[in-house]
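Here's the structure, in structure tokens; my notes come after.
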Amino acid sequence: MKKTYHLCLSAGDEVMFRDLEDYHRGFNCFAVALHKTGSTGLVESFMSTHTHQLIQTSRPDEFMYMFRQPYCMHFNRKYHRRGTLGEKHHFTLEVVGYHHTIAAASYTLRNALHHGVAPTPYAYPHCSANAIFRKEMGKHLADPLLEPRHFSRFLSKRAEYPDSYRMTESGVFTRESVLDIPQMEALYVTPRSFNFYMSRKSSEEWEAEQRKDGNCFESVNIGLIEKGVRMHEVNRMLSLEAGKADYRKVSDIELCTELDMLARNRYGRHSVYELSLKEKEEIAEHLYRVRHLSESQIRRCLVLPK
0 MKKTYHLCLS
10 AGDEVMFRDL
20 EDYHRGFNCF
30 AVALHKTGST
40 GLVESFMSTH
50 THQLIQTSRP
60 DEFMYMFRQP
70 YCMHFNRKYH
80 RRGTLGEKHH
90 FTLEVVGYHH
100 TIAAASYTLR
110 NALHHGVAPT
120 PYAYPHCSAN
130 AIFRKEMGKH
140 LADPLLEPRH
150 FSRFLSKRAE
160 YPDSYRMTES
170 GVFTRESVLD
180 IPQMEALYVT
190 PRSFNFYMSR
200 KSSEEWEAEQ
210 RKDGNCFESV
220 NIGLIEKGVR
230 MHEVNRMLSL
240 EAGKADYRKV
250 SDIELCTELD
260 MLARNRYGRH
270 SVYELSLKEK
280 EEIAEHLYRV
290 RHLSESQIRR
300 CLVLPK
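Here the sequence shown is numbered in numbering that gives the first Met the number 0, starting from 0 and rising by one per residue.
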């Protein structure tokens, strides 16, 4: 019997998705894992260091294995890296009841806002916020679709997927063909209600609403949804939720793409993973002194030990 789960996989102090191709491959692995385990995808959000997924499944642990194992193989092969990607144990939260589900879905979709990388959920491309009520909110697919015979270029060799999946020319399955968007639209009822939840601030009132479901489950809030992640302080995330962030700063994807290109062009390596500690420290010094980037961002993007 399927149950609804919020799953979170974190890479700890490491970046899990270093460029656009990684984000696309990550979502494709998620889509294939849904099919392989007979699971239903509701919403998701892929951040640079972790991923949040709300799914309905009878096999949450098997689903997570089916997702992370092929993605790890892709990542290690691409960056000449070894070992497991991500922390040993993923975070699992069972979600029960209407208010509990709508809160878990909303916090998942608003994750980029809470981490200060986008001013609204709609401005973040690596989550499913723009797939819900797309037509009603005036958002249209701009990326042409790819013919199915070319899908294999962007998937692992043994990937299995249903004929209903569609893929864009950029090499990523469309969220509309993978996720149960009608179920999510029924949950939010109207575009206006959905927009309200995407901008609703965290509050004790929101947590109290979840207790109306009459179950013994803990109310979903930022602290609970981010329990599997090495995160900002909750107060910091609440401040970011209110829009108090500098969205012009260099993102992880921009910095990682730049650093891996530097590793190839200047040092003749495949990625930062092949740089020596001395070379990494030299680059880090420049980024800190000249570019004024934060030490934490430099360390995770350069894979520098603490």
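By construction, the Cβ of each residue, glycine as well, lies at the ideal position given by its N, Cα and C atoms.
Predicted model, so just to flag it, every value in this text is computed and none were measured.
Hey, could you find the ends of the beta strand (DSSP E) residue i is sitting in?
i	result
R2	Note that residue 2 corresponds to Lys in the displayed sequence, not to Arg. First-last of the beta strand (DSSP E) with K2: 2 to 9.
K40	Sequence check: residue 40 is Gly here, not Lys. From DSSP, the beta strand (DSSP E) with G40 extends over 39 to 45.
V188	Neither: V188 is in no beta strand (DSSP E) and is coded neither H nor E.
H23	Premise fails: H23 lies in the alpha helix (DSSP H), 19 to 35, not in any beta strand (DSSP E).
H49	49 to 56
Is it buried or exposed, residue i, if we count other Cβ atoms within 10 angstroms and call 16 or more buried?
i	result
Q182	exposed
V188	exposed
N110	buried
R24	buried
M0	exposed
K277	exposed
K279	buried
M166	buried
H317	In the structure as shown, the chain starts at 0 and stops at 305, and residue 317 therefore has no counterpart that could be examined.
A185	exposed
M63	buried
E240	buried
G115	buried
F195	exposed
R152	exposed
H285	exposed
K134	exposed
P147	exposed
S47	buried
A207	exposed
R67	buried
S9	buried
R174	buried
C215	exposed
D142	exposed
K35	buried
S324	Only positions 0 to 305 of the chain appear in this structure, which leaves residue 324 out of reach.
How about residue i and residue j: are their beta carbons less than 8 Å apart?
i	j	result
G227	H89	yes
V42	S127	yes
E13	R299	yes
L84	M15	yes
H49	Y272	no
I224	A103	yes
S307	Q209	This structure gives no information on residue 307, because the portion of the chain shown stretches from 0 to 305.
F193	F132	yes
M65	A30	no
A283	L303	yes
P170	E86	In the sequence under discussion, the amino acid at residue 170 is Gly, which differs from the Pro named in the question. Contact: no.
L274	Y266	yes
F172	F26	yes
E168	L145	yes
S270	A262	yes
M136	P69	no
Would you kindly report the start and end of the unbroken alpha helix (DSSP H) that includes residue i?
i	result
L145	Unbroken run through L145: none, as it is neither H nor E.
I297	294 to 301
I131	Taken as a continuous stretch (DSSP letters only), I131 belongs to no alpha helix (DSSP H), as it is neither H nor E.
L274	Here L274 belongs to no alpha helix (DSSP H), and DSSP marks it neither H nor E.
Quick one: is the Cβ of residue i within less than 7 Å of any heavy atom of the ligand FMN?
i	result
H51	You won't find the ligand FMN in this model; it holds no ligand whatsoever.
Does chain D have any CB closer than 8 Å to the CB of residue i?
i	result
P181	Looking for chain D here will not work: only one protein chain is present.
ask   = Does the region 113 to 129 come within contact of the region 242 to 255, defined as at least 3 CB pairs closer than 8 Å?
value = Because the criterion of three Cβ pairs below 8 Å is met, the region 113 to 129 and the region 242 to 255 touch.
Contact between the region 287 to 300 and the region 90 to 102 (3+ Cβ pairs under 8 Å) = Between the region 287 to 300 and the region 90 to 102 there are fewer than three inter-stretch CB-CB distances shorter than 8 Å, so the stretches are not counted as touching.
message = For the region 75 to 93 against the region 154 to 163, do three or more pairs of beta-carbon atoms, one drawn from each stretch, fall closer than 8 Å, so that the two count as touching?
response = Result no; under three Cβ-Cβ pairs closer than 8 Å.
message = Runs of 3 residues minimum, wholly inside the region 59 to 123: which ones carry the beta strand (DSSP E) assignment?
response = Segments of the beta strand (DSSP E) lying fully in the region 59 to 123: 90 to 94.
request  = Could you tell me whether the region 33 to 40 touches the region 51 to 58, using the rule of 3 or more Cβ pairs below 8 Å?
outcome  = The count of Cβ pairs closer than 8 Å, one atom from the region 33 to 40 and one from the region 51 to 58, reaches three, so the stretches are in contact.
query = Hey, which unbroken runs of the alpha helix (DSSP H) at 4 residues or more fall wholly within the region 220 to 260?
reply = Taking 4 residues as the minimum length, the alpha helix (DSSP H) runs contained wholly in the region 220 to 260 are 221 to 224, 233 to 240, in order along the chain.
inquiry  = Give the list of continuous alpha helix (DSSP H) stretches no shorter than 4 residues that lie fully inside the region 151 to 211.
reply    = Counting only runs of 4+ residues, the alpha helix (DSSP H) found wholly inside the region 151 to 211 occupies 174 to 177, 180 to 187, 190 to 198, 203 to 209, in chain order.
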